[in-house]
Structures are given as structure tokens and as C-alpha cells.
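Engineer:
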Ligand SMILES: Nc1ncnc2c1ncn2[C@@H]1O[C@H](COP(=O)(O)OP(=O)(O)OP(=O)(O)O)[C@@H](O)[C@H]1O
Ligand SMILES: Nc1ncnc2c1ncn2[C@@H]1O[C@H](COP(=O)(O)OP(=O)(O)OP(=O)(O)O)[C@@H](O)[C@H]1O
Ligand SMILES: [Mg+2]
Ligand SMILES: [Mg+2]
Ligand SMILES: [Zn+2]
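Protein chains in written order, with the numbering used here: chain S, 208 to 505; chain G, 21 to 302; chain F, 6 to 241.
1. Excluding the 5 residues flanking residue 209 (chain S) on each side, which residues of the same chain have their C-beta closer than 6 Å to its C-beta?
2. Could you spell out where the beta strand (DSSP E) holding residue 82 (chain F) opens and where it closes?
3. Using 8 Å as the cut-off, can you tell me whether the segment 101-117 of chain G makes contact with the segment 168-181 of chain G, which would need three or more C-beta pairs spanning the two stretches below that distance?
4. What is the residue span of the alpha helix (DSSP H) that residue 230 (chain S) lies within?
5. Hey, residue 71 (chain G) and residue 94 (chain G) are a contact pair by Cβ (cut 8 Å); roughly how many whole angstroms apart?
6. Our contact map puts residue 116 (chain F) next to residue 154 (chain F) with C-beta atoms below 8 Å; I'd like the distance itself, whole angstroms only.
7. Looking at chain S, which residues of the segment 156-172 of chain G have a Cβ within less than 7 Å of any of its Cβ atoms?
8. Strictly by DSSP, which residues pair up with residue 20 (chain F)?
9. Counting only beta-carbon atoms, is residue 90 (chain F) nearer than 8 Å to chain G?
10. Does the distance from the C-beta atom of residue 283 (chain S) to that of residue 293 (chain S) stay below 8 Å?
11. Within 10 Å of its beta-carbon, does residue 328 (chain S) have 16 or more other beta-carbons around it, so buried, or fewer, so exposed?
12. Any chance the CB of residue 32 (chain F) is under 7 Å from a heavy atom of ligand 2?
13. Along the chain, where does the beta strand (DSSP E) that runs through residue 210 (chain F) open and close?
14. Could you tell me whether any Cβ in chain F is nearer than 8 Å to the Cβ of residue 193 (chain G)?
15. Looking at C-beta atoms only, is the number of pairs between the segment 268-284 of chain G and the segment 73-91 of chain G that lie closer than 8 Å three or more?
16. Less than 8 Å separating the beta-carbons of residue 36 (chain G) and residue 107 (chain G)?
17. In terms of alpha-carbon separation, which member of F:124, F:206, F:186 lies closest to residue 218 (chain F)?
18. Specify the secondary structure class of residue 369 (chain S) as computed by DSSP and reduced to three states.
19. Would you please verify whether the beta carbon of residue 290 (chain G) is less than 8 Å from any beta carbon of chain F?
20. Is the Cβ of residue 93 (chain F) closer than 8 Å to any Cβ of chain G?
21. For residue 66 (chain F), which residues in chain G fall below 8 Å Cβ to Cβ?
22. Given residue 211 (chain S), which residues of its chain have a CB within under 6 Å of its CB, disregarding the five upstream and five downstream residues?
23. Select from the segment 21-32 of chain F all residues with a C-beta closer than 8 Å to any C-beta belonging to chain G, and list them in chain order.
24. Give me the pocket residues for ligand 1, defined as CB within less than 6 Å of any heavy atom, sorted by chain position.
25. Looking at the C-beta of residue 16 (chain F), does it have a partner C-beta in chain G at a distance below 8 Å?
26. Regarding residue 394 (chain S) and ligand 5, is the C-beta to nearest heavy atom distance less than 7 Å?
27. Alpha carbon to alpha carbon, what distance is there between residue 105 (chain G) and residue 61 (chain G)?
28. Beta-carbon distances below 5 Å to any heavy atom of ligand 7 define the shell here; list its residues in chain order, please.
29. Just to confirm the assignment: which complete beta strand (DSSP E) runs, minimum length 3, are found wholly within the segment 133-163 of chain G?
30. Exposed or buried, which one is residue 191 (chain F) when buried takes at least 16 other CB atoms within 10 Å?
31. When the Cα of residue 429 (chain S) is compared with those of S:258, S:231, S:266, which residue comes out closest?
32. Is residue 57 (chain F) near ligand 2, with its Cβ less than 7 Å from a heavy atom?
33. Closer than 7 Å between beta carbons: that is the criterion. Which residues of the segment 234-261 of chain G meet it against chain F?
34. Could you list the residues in the segment 113-133 of chain G with a C-beta less than 7 Å from some C-beta on chain S, going in chain order?
35. Please give me, in chain order, every unbroken run of the beta strand (DSSP E) with length at least 3 that falls completely inside the segment 409-478 of chain S.
36. Under 7 Å Cβ-Cβ, which residues of chain G neighbour residue 365 (chain S)?
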């Protein structure tokens with residue numbers, strides 16, 4: 208393995224997985240700390256990466272520091288493996304590691320994502336790395352970083368709760384779509400990154416390790432497997448996911464996935480498609496169902 | 021420490037707040053005898069010093085004194101908005117009156133702020149979030165007490181607003197658009213949300229119309245009367261203190277110069293400064 | 006019979022700091038005792054210190070010298086000159102009543118509630134307290150039209166009767182009266198005297214200052230004469 212790393216470095220003059228071992232060690236250490244304190248934002252030190260913002264440098268640094276030669280990587284952006292961002296990130300990793308990549312959620316050992324969690328249930332052997340633009344769930348009610356840190360330390364969350372109260376009073380319901388705040392392990396309120404409400408319940412008591420990386424703010428946080436993650440809700444005003452009742456995917460017919468609304472300019476018609484393209488593809492090829500049956504038979 | 025057999029709700033022992041570098045001469049060279057609260061040696065401001073007093077259960081204790089005498093400083097220290105330079109405070113409702121609340125953790129202090137004490141600030145902007153509805157302001161306190169039932173929160177908020185005579189129809193309006201008197205009453209409703217046994221009221225009626233003042237004072241009186249809440253009422257208005265309190269402390273240059281029964285303070289003032297204060301009233 | 010109160014060498018000197026330390030004599034070297042259930046009248050010309058004595062007993066004034074030994078049901082023997090304020094407040098609430106020479110009335114409280122307040126404070130049901138307050142107001146000939154009005158607008162005599170009703174309704178053990186009948190006419194004065202006599206029969210001890218001797222002698226068992234005391238002082 209060491210030989211391989213040395214080889215790849217020789218190839219292009221890069222260290223394995225681009226960033227140097229010192230920097231990886233820092234990220235790994237902070238990732239372990241984040242796993243040990245579910246939902247707590249751990250600051251980490253890093254040199255600036257020669258990668259533009261909006262590329263998900265936070266998530267990328269985590270992924271690069273975790274990858275080993277045997278890992279199989281999947282990169283998705285807003286549910287899609289084929290978007291420019293996803294392709295570029297995947298190319299960068301392949302270039303600097305020569306590891307295998309996949310479009311298949313099941314095959315991947317590490318998935319880096321932005322804005323979505325795959326529809327297919329992930330397993331204990333997998334890690335999902337989420338890119339986070341704004342890690343602080345309390346920012347909407349408190350502009351000062353110093354103060355939000357104290358609020359977390361003291362579990363002083365009433366301001367955010369009042370924000371939700373005001374939302375309901377003013378608009379008849381909570382208007383937060385993506386980035387719906389959730390309480391992790393009965394201790395820290397966390398920003399789950401801009402995933403839709405649809406994906407938030409997937410964080411709760413999952414088999415998979417979720418890691419969150421914010422590049423600009425240099426924060427890592429984590430939800431270890433089997434951790435309680437409860438979206439903030441009132442006893443008489445429960446958290447609800449997006450409502451797609453009566454709708455289905457125009458491609459695979461799915462009625463149980465998160466759908467993107469597509470507006471066809473030529474026909475002037477609205478259609479809906481699975482946001483998770485791999486999920487949609489697999490349903491189309493029937494692969495998902497067959498594998499599902501095989502599992503059930505066991 | 022508070023002896024449990026006495027009915028003391030809050031005991032202050034030697035509370036001092038010094039702004040600035042502070043030097044050994046600070047306390048000695050300031051105070052009413054010196055006629056200043058600025059230390060001539062080091063220039064520190066001794067906002068209040070050596071404040072010791074007991075607030076009895078169910079009592080309204082008045083604190084009077086000229087502008088700058090340290091009244092607000094004392095109250096803010098008690099509510100942990102300021103950290104006292106010296107001194108201790110004990111609450112009979114907390115740790116059996118054995119724990120100096122100033123040396124508790126900030127989490128414990130927050131519990132005390134939300135459950136044992138309520139405050140009404142001199143300036144409503146300090147006590148209210150003007151961009152939250154007035155119901156939301158009350159809700160904030162209830163939410164700190166782990167009440168996450170919207171219906172219950174709104175019920176309790178309207179109960180409190182009714183009690184403080186804020187029209188319930190305006191529960192979802194922003195206090196920014198309220199009159200000064202209404203803002204103070206929303207502050208009182210907020211302060212009382214979790215039924216704290218102690219209220220700190222800093223110049224609640226200052227700057228209000230006389231008729232509005234009267235309503236706020238009547239409200240405070242009825243809160244003590246019906247709920248037996250112990251209160252510290254800060255005012256530079258002796259009329260307010262005469263109406264509300266049984267005992268009064270007089271402050272000057274950061275010190276308590278005299279403390280006694282309110283009728284005694286008014287009719288038989290002992291200290292030079294108190295005599296001046298009473299005489300200027302007549 | 007045991008004394009409920011013993012005033013021993015009581016003096017009250019006012020130190021007027023703002024008048025360059027000018028000293029004003031309120032009362033000096035006052036001593037008398039009051040057996041429980043009896044009443045004493047304090048006599049003397051204006052300015053001799055009669056009100057000062059009552060105010061010292063009530064602790065509106067802090068005595069300069071001497072002791073005021075009161076035998077309390079709650080606290081045993083208490084020196085009112087030096088007892089802690091909370092003890093004084095407790096005694097004012099439960100044992101010692103005071104009707105001042107000049108009325109200090111709470112604003113924006115109806116006459117009925119002003120009178121009923123003391124009972125409610127001691128735990129009587131609101132309904133019952135109001136009922137008893139009406140009885141007292143009737144008895145002191147306050148017109149029912151006024152019961153729901155604020156006493157701050159009342160005539161001097163009406164205010165005085167409200168003040169008396171307010172103090173009498175709780176039947177204090179010791180009642181301090183500072184010219185309670187000063188602004189009353191004959192008929193209402195009789196009603197007040199009648200009420201005070203009833204209190205006395207029920208065991209209340211009274212210290213009173215009365216401007217007319219006729220009223221005083223209907224109520225008191227003995228007198229303490231400040232003018233005698235004054236001339237005695239003058240001789241010395
Ligand atoms: N942050 C500060 N830094 C320095 N001095 C301060 C500070 N805050 C207050 N002081 C000073 O402390 C003293 C007491 O102020 P405080 O606000 O307690 O007075 P106050 O009795 O409440 O007056 P007022 O009746 O005007 O409200 C004043 O001399 C004031 O100038
Ligand atoms: N609060 C006070 N401050 C200063 N001097 C006072 C005070 N109260 C009373 N005095 C003075 O003490 C003296 C006795 O007053 P006090 O009111 O006891 O007299 P009094 O016998 O009740 O007179 P009157 O019959 O006129 O009511 C008077 O000279 C009075 O001016
Ligand atoms: Mg102030
Ligand atoms: Mg008199
Ligand atoms: Zn589909």
C-alpha cells in the first residue's frame with residue numbers, strides 16, 4: 208500500500224489523495240472528536256486548498272483524508288452523479304488516488320454529497336460525507352459566533368425555538384425547507400446542511416456514519432451510527448417532510464422518492480423526476496427491485 | 021448562606037462592582053463621605069460597593085437613589101448581566117440557600133435567570149426582542165422551561181398578557197409598535213412566565229404617563245398580593261417606593277447609606293443624603 | 006393584669022443634617038406602662054411630642070433613647086425600639102394597629118377594599134372580608150354610595166372613618182390612635198367611640214391622643230400628661 212501511495216505521488220507529484228499527511232492527520236483527529244461528540248462542531252486547522260469555493264472544500268477534505276486505496280467512492284451533487292461539480296470532484300480524487308469510483312449507492316464505501324442523502328438505505332459499512340456551506344444552525348437567530356458557541360455550550364436554544372414559534376404564528380407553519388435544524392443525541396442542535404426535510408429522518412438511528420464538513424468555517428461535525436436525531440417540532444405541531452402525495456416520477460414511476468419539479472419550456476408542462484438519479488436509473492433497470500427481493504429471500 | 025428558619029428569599033453579601041483597573045484605595049476613597057464613585061488613585065468607577073441586604077419572602081423592597089448611584093448595576097449583577105467584582109448572593113430557592121449563585125456554572129445561572137428570577141429592565145429594549153411578537157417574547161421564557169406545546173404556550177401567554185392588561189388580540193404584534201407602558205407590561209408578563217418567586221424591577225414606571233404609571237404600579241401591587249412574589253423595586257421616584265414597598269434602601273455613590281421601613285425612611289430619615297432626598301421631594 | 010407595653014425612658018431627638026445639624030426635640034424621657042386590655046390617653050399641648058411617641062411605638066420614628074417593651078403573642082418580649090424590621094412588619098400585620106392623624110390612603114383602591122385589605126392579608130376569604138367591611142362602613146355611617154369610590158376624593162371626616170374602620174376590622178391587640186375623631190361631628194364621633202369601646206371590650210389595648218377631653222374620658226382608663234411632664238422637666 209505504501210508503495211502504491213509513493214507510486215501515485217511519483218506519477219503526478221501529488222501526495223496520495225492530494226493533501227499532505229500532516230493535514231490529513233489533523234482532519235482525522237478532528238473527525239474522531241466529532242464522532243465522539245455527536246452534533247458538536249469541531250474546529251479544524253487547514254491550509255487553503257487550491258480549489259474554488261462552492262466546491263465543497265470542507266466535505267472534500269474529509270473525504271480525501273479518509274480515503275484508502277481500497278475504497279470505492281461515489282460523488283453526488285443535488286442527487287445527481289453527472290453534474291459538473293460531481294464529475295470534477297470525482298476526477299480530482301481519481302487523478303490523485305487511482306481508486307475506484309461508482310455511481311451505485313450500494314457499491315460505494317464513501318459517498319460525498321451535497322444537498323441530498325441517497326434514497327436507498329445505506330449500511331453500516333458506508334460513510335456519507337456532506338458538504339456544508341453554513342454549519343451554524345443558530346445563525347438565523349444570533350449573528351455572533353462567540354455567542355452561538357456559548358449557546359451550544361449551555362444548551363440555550365430558546366431563541367431558535369422562538370424563531371419556529373414566530374414562523375408558525377406568522378405564516379401558519381414552519382417555513383424552513385432545507386437546513387431544517389435537528390437535535391442530536393438530546394444535546395446539540397445541528398444544521399444538517401441544505402438537505403430537504405425529506406432527508407432529515409434518514410439521519411435518525413441510521414446504520415451509517417454521517418460526517419459534515421464546512422470548508423470556509425473550518426468545522427467538522429458528525430452523526431455516528433444509531434444516534435438519535437430529532438428535527439425540532441412542537442408537541443402539537445409536528446415536523447413534516449415535503450408532500451409529494453398524488454405525484455410520481457415521470458421516468459421510473461416512483462411514488463416514494465424525493466421529486467424535482469421540471470418545467471418543460473416547449474410543452475409548458477410540469478413534470479416530476481426523482482432527484483436521486485442513480486435511484487431512478489436502478490428502478491428503471493429493475494436492478495433495485497431484484498436486489499431487494501434477493502435480500503428479502505435471505 | 022441563608023439560614024433556613026428565616027424567611028429570607030434573597031441575601032446579598034458585600035456586592036461590589038468596579039469598572040476599571042481597581043486599586044486597594046478604590047473602596048476607601050469613594051462613597052457618600054467622599055462624594056464620588058470615582059477612585060482618585062486609579063480612576064476606576066466604583067459603581068456599587070459593599071451592598072448587603074436581605075429580601076424577605078413575599079416582600080417588596082425599594083431601592084432609591086439619585087441617577088448614577090448604582091441601582092441598575094446592582095440589579096444587573098443579580099441577574100448575571102454583569103459580573104460583580106466582589107460579593108456573594110444566596111437564594112433560598114436554590115441549593116437550600118447555601119450556594120453563592122455568582123460562583124455557579126453559567127448553565128446553572130441560566131436556570132436561575134429563567135426559573136427563579138424575572139427582570140424588568142429600565143429600558144424595554146433590553147428586556148424584549150422587538151422583532152419577535154409579544155407572544156413570542158413570553159414564549160421564549162416558557163421554552164426555556166421545556167414547554168414545547170404550542171397550544172399550551174399560547175394559552176399561558178394569553179393568560180399572562182391578560183393579567184398584565186395587554187390586549188390578547190395584540191399577542192402576535194411586535195412590541196416595537198407598542199406604547200411604552202404596554203412594552204413594560206409585556207416585559208412584566210415575560211418576566212413572570214415561569215412563575216419566578218423573585219422579580220427585579222428597574223424603574224418600571226420611568227418615562228410613562230401618569231395614568232399608565234398608575235396601571236403598572238397597580239399591577240405590581242396585585243402580583244405581590246395575589247402571588248406573593250418577592251420583589252426588588254428600583255426607582256428614583258419616592259412616590260413609587262411609598263406606594264409599593266414596606267422597606268427601602270437608599271443608595272448614594274454606590275453605597276447603601278440607609279435601609280429601613282419605608283415610612284421611617286420618609287418620615288424620619290437618618291442619613292444626610294436621605295434627608296436631602298426627602299426634602300427635595302417636598 | 007400583665008402589661009402589654011412598657012415605655013421606658015423613651016426619647017426622640019431629630020438631627021437635621023440639612024439644617025447644619027440642628028436638633029429638634031420630639032419627646033424626651035417618656036415612661037409609662039399599659040396593662041393588657043386597658044387604654045391610656047396622652048394629653049398635652051401641640052408640639053409636646055404626643056404623635057412622636059405613637060410613631061416611635063409604631064417605628065415610623067427610630068427612637069433615640071429608651072426601650073419600648075412589647076409583649077407579643079408571636080415573638081414574646083420585643084423591644085420595638087430596636088427589633089429587626091421584619092419583626093416590626095410582622096407585628097404591624099398581626100398585632101399592632103395605627104390610625105394616623107393624617108390619612109395616607111392608597112390610590113385607586115375602593116373604600117370597601119381599603120377596609121377589607123387587612124382581613125384578606127390575614128387569610129380571610131375575600132367575600133367574607135368584604136361582608137365585614139360593609140358592616141364596618143355601615144356602622145361608621147359611610148354612605149353606601151361611597152363604598153366603591155376611591156377614598157382619596159372623600160371629605161376629611163369620611164377619610165378618617167375609613168382609616169379607623171381599616172384598623173379596627175382586624176381587631177389588633179394594641180391600637181395606636183392619633184386624634185381619630187378630630188374632624189368628626191357629634192353623631193359620627195359617637196359611632197367611632199362605640200366601635201372603639203367594643204374593641205376594648207373584646208380585649209384590645211389602646212393608646213390614644215384625643216383633642217377633646219370628652220371623647221378621651223369615654224375611652225381611657227388613665228392619662229399620661231405631657232404638660233405635667235414638661236413642667237416637671239422645667240423644674241429640673
Ligand atoms: N460599563 C460601564 N463602565 C463604566 N462605568 C459604568 C458602566 N456602567 C455604569 N457605569 C457607572 O456606574 C455608576 C452606576 O450606574 P447605574 O446605571 O447603576 O446607576 P443608576 O443608579 O441605575 O442610575 P439611573 O437612576 O440613572 O438609572 C454610574 O456612575 C455609571 O456611570
Ligand atoms: N419627622 C420630624 N422631623 C423633625 N421634627 C419633627 C418630626 N416630627 C415631629 N417633629 C417635631 O417634634 C416635636 C413634637 O412633634 P409631635 O408631632 O410629636 O407633636 P404633637 O404633640 O403630636 O403635636 P400636635 O398636637 O400638634 O399634633 C415638634 O416640635 C415637631 O416639629
Ligand atoms: Mg438605572
Ligand atoms: Mg400630633
Ligand atoms: Zn425516478
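Cβ atoms here follow ideal geometry from the backbone N, Cα and C, with glycine treated the same way.
Structural biologist: Result, derived from the coordinates:
1. Here residue 209 (chain S) is taken as the residue at index 2 of the first chain, counted from 1. Confidence in residue 209 (chain S) is poor, its pLDDT being 44 and thus under 50, which makes the residue's placement unreliable; the coordinate value appears in the next sentence. Same-chain partners within the cutoff: there are none.
2. Position 77 of the third chain, counted from the start, is the residue given in the question as residue 82 (chain F). Residue 82 (chain F) -> beta strand (DSSP E) spans 81-84.
3. Put simply, the segment 101-117 of chain G does not touch the segment 168-181 of chain G. Fewer than three CB pairs are less than 8 Å apart.
4. In the first chain, residue 230 (chain S) corresponds to position 23, counting from 1. Unbroken alpha helix (DSSP H) run through residue 230 (chain S): 228-243.
5. For the purposes of this step, residue 71 (chain G) is taken as residue 51 along the second chain, with counting starting at 1. For the purposes of this step, residue 94 (chain G) is taken as residue 74 along the second chain, with counting starting at 1. Residue 71 (chain G) to residue 94 (chain G), Cβ: 6 Å. Contact.
6. Working through the third chain from its first residue, we reach residue 116 (chain F) at position 111. Working through the third chain from its first residue, we reach residue 154 (chain F) at position 149. Their Cβ separation, rounded to whole angstroms, is 6 Å, which keeps residue 116 (chain F) and residue 154 (chain F) in contact under 8 Å.
7. Using a CB distance below 7 Å, the part of the segment 156-172 of chain G facing chain S consists of 156, 159, 160, 163, 164, 168, 169, 170, 171, ordered along the chain.
8. The residue labelled residue 20 (chain F) in the question sits at position 15 within the third chain. Residue 20 (chain F) pairs with F:28.
9. What you label residue 90 (chain F) is simply residue 85 of the third chain in a count that begins at 1. Interface residue, yes.
10. Along the first chain, read from residue 1 onward, the residue named residue 283 (chain S) stands at position 76. Along the first chain, read from residue 1 onward, the residue named residue 293 (chain S) stands at position 86. Yes, they are a contact pair.
11. Mapped onto the first chain, residue 328 (chain S) falls at position 121. Result: exposed.
12. As a first step, residue 32 (chain F) is located in the third chain; it is residue number 27 there, counting from the start. Yes; taking the cut-off as 7 Å, the Cβ of residue 32 (chain F) has a heavy atom of ligand 2 nearer than that.
13. Your numbering for residue 210 (chain F) matches position 205 in the third chain. Where residue 210 (chain F) is concerned, the enclosing beta strand (DSSP E) stretches over 210-214.
14. For the purposes of this step, residue 193 (chain G) is taken as the residue at position 173 of the second chain. Closer than 8 Å: no.
15. Output reads yes: the segment 73-91 of chain G touches the segment 268-284 of chain G.
16. Position 16 of the second chain holds residue 36 (chain G). Position 87 of the second chain holds residue 107 (chain G). Against a cut-off of 8 Å, the Cβ pair of residue 107 (chain G) and residue 36 (chain G) comes out as a contact.
17. As a working mapping, residue 218 (chain F) is identified with position 213 in the third chain. Selection F:124, F:206, F:186 evaluated against residue 218 (chain F) yields F:186 as nearest (Cα-Cα).
18. For the purposes of this step, residue 369 (chain S) is identified with residue 162 of the first chain, where counting begins at 1. Helix at residue 369 (chain S).
19. One-based indexing of the second chain puts residue 290 (chain G) at position 270. Output row for residue 290 (chain G): interface = yes.
20. Reading the third chain from its first residue, position 88 is the one you call residue 93 (chain F). Among the residues facing chain G, residue 93 (chain F) is included, as its CB has a counterpart in that chain under 8 Å away.
21. Taking the third chain and counting its residues from 1, the one referred to as residue 66 (chain F) is at position 61. Neighbours of residue 66 (chain F) on chain G, chain order: 284, 287, 288.
22. Counting from one through the first chain, the residue named residue 211 (chain S) turns up at place 4. Because the pLDDT at residue 211 (chain S) is just 49, under 50, the model does not fix this residue reliably, and the point stays unresolved.
23. 21, 22, 23
24. G:39, G:57, G:65, G:67, G:85, G:87, G:88, G:89, G:90, G:91, G:92, G:93, G:142, G:256
25. Taking the first residue of the third chain as 1, we reach residue 16 (chain F) at position 11. Answer no: the Cβ-Cβ gap between residue 16 (chain F) and chain G never drops below 8 Å.
26. On the first chain, residue 394 (chain S) is found 187 positions in, with the first residue counted as 1. No.
27. In the second chain, counting from the first residue as 1, residue 61 (chain G) sits at position 41. In the second chain, counting from the first residue as 1, residue 105 (chain G) sits at position 85. One C-alpha to the other measures close to 18 Å.
28. No copy of ligand 7 appears in this structure; the ligands present are ligand 1, ligand 2, ligand 3, ligand 4 and ligand 5.
29. List check, beta strand (DSSP E) in window: 137-140.
30. Numbered from 1 along the third chain, position 186 holds the residue referred to as residue 191 (chain F). Residue 191 (chain F) should be labelled exposed.
31. Numbered from 1 along the first chain, position 222 holds the residue referred to as residue 429 (chain S). Of S:258, S:231, S:266, the residue nearest in Cα terms is S:266.
32. Locating residue 57 (chain F) in the third chain gives position 52, counting from the first residue. Yes - ligand 2 has a heavy atom lying nearer than 7 Å to the Cβ of residue 57 (chain F).
33. Those residues of the segment 234-261 of chain G that come within reach of chain F (Cβ to Cβ, closer than 7 Å) are 234, 238.
34. 126, 127, 130
35. DSSP runs (the beta strand (DSSP E)) wholly in the segment 409-478 of chain S: 416-421, 426-430, 436-438, 466-471.
36. Residue numbering aside, residue 365 (chain S) sits at position 158 when the first chain is read from its first letter. 160, 163, 164, listed in chain order.
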